[in-house]
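For reference, the structure is listed below as structure tokens.
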Amino acid sequence: MSTGTTKRPKTVLLLAGVLGLEAAILTAATVFLVIETAAQEAEFLASSLALAGLSLLGAVLLALVTVSTLRLRSWVRGAAITWQIMQLAVAWVFLQGDIAVWVGWALTAVSIVGIGAAVHPATGRALHRDDDELPESR
């Protein structure tokens, strides 16, 4: 589906906004991890660098999914829902702790909004390929 001839529904824009916000936060976390690794003598340098590398990879992939959402690529719903479910698992860990429960609730809220936007019928209609057989909902 061409983005030039199709108006993006608000749910697609919401999904792209959620994914973009998550990519920005993960980018900030990556910068923090790199600065912390460089500023302090890491007890496990290889582990610290691996964590920063995985964080960077996640941020880049989320940015790719965000841009692809705005380009109305048909594959992004699966990637977005998978990410939100993984994020819910991280939120569950935070909710089980005593220190940063608010982070768990924030992750949960953002994930629910992201899943809701991804499975919304308007998003499905906007992101389906022309060769997909998607019944019209009225």
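Note that the numbering used here numbers the sequence shown so that position 96 is 96, with each residue one more than the last.
Built from N, CA and C at the ideal position, the CB exists for glycine as well.
On the criterion of 16 or more Cβ atoms from any shown chain inside 10 Å, does residue 82 qualify as buried, or is it exposed?
Counting from one through the sequence shown, the residue named residue 82 turns up at place 82. Looking at its Cβ environment, which holds fewer than 16 other Cβ atoms inside 10 Å, residue 82 is exposed.
Drop a sphere of 10 angstroms on the beta-carbon of residue 22, count the other beta-carbons inside from all chains shown, and report buried for 16 or more, exposed for fewer.
By 1-based counting over the sequence shown, the position of residue 22 is 22. Buried: at least 16 other Cβ atoms inside 10 Å.
Can you find the residues in the same chain that come closer than 6 Å, C-beta to C-beta, to residue 76, ignoring five residues on each side of it along the sequence?
Position 76 of the sequence shown, counting from 1, holds the residue named residue 76. Excluding positions up to five away in sequence, the list reads 65, 68 and 69.
Rank 103, 24, 52 and 28 by C-alpha distance to the C-alpha of residue 37 and give the top, closest one.
What you label residue 37 is simply residue 37 of the sequence shown in a count that begins at 1. When only C-alpha atoms are compared, the closest one is 52.
Got a sec? Which residues, its chain only, sit under 6 Å from residue 34 by beta carbon, not counting five neighbours each side?
Counting from one through the sequence shown, the residue named residue 34 turns up at place 34. For residue 34, where only same-chain residues beyond five positions count, the Cβ hits under 6 Å are 52.
DSSP three-state label for residue 97, please.
Counting from one through the sequence shown, the residue named residue 97 turns up at place 97. In the structure shown, residue 97 sits in coil (DSSP, three-state: anything other than H, G, I, E or B).
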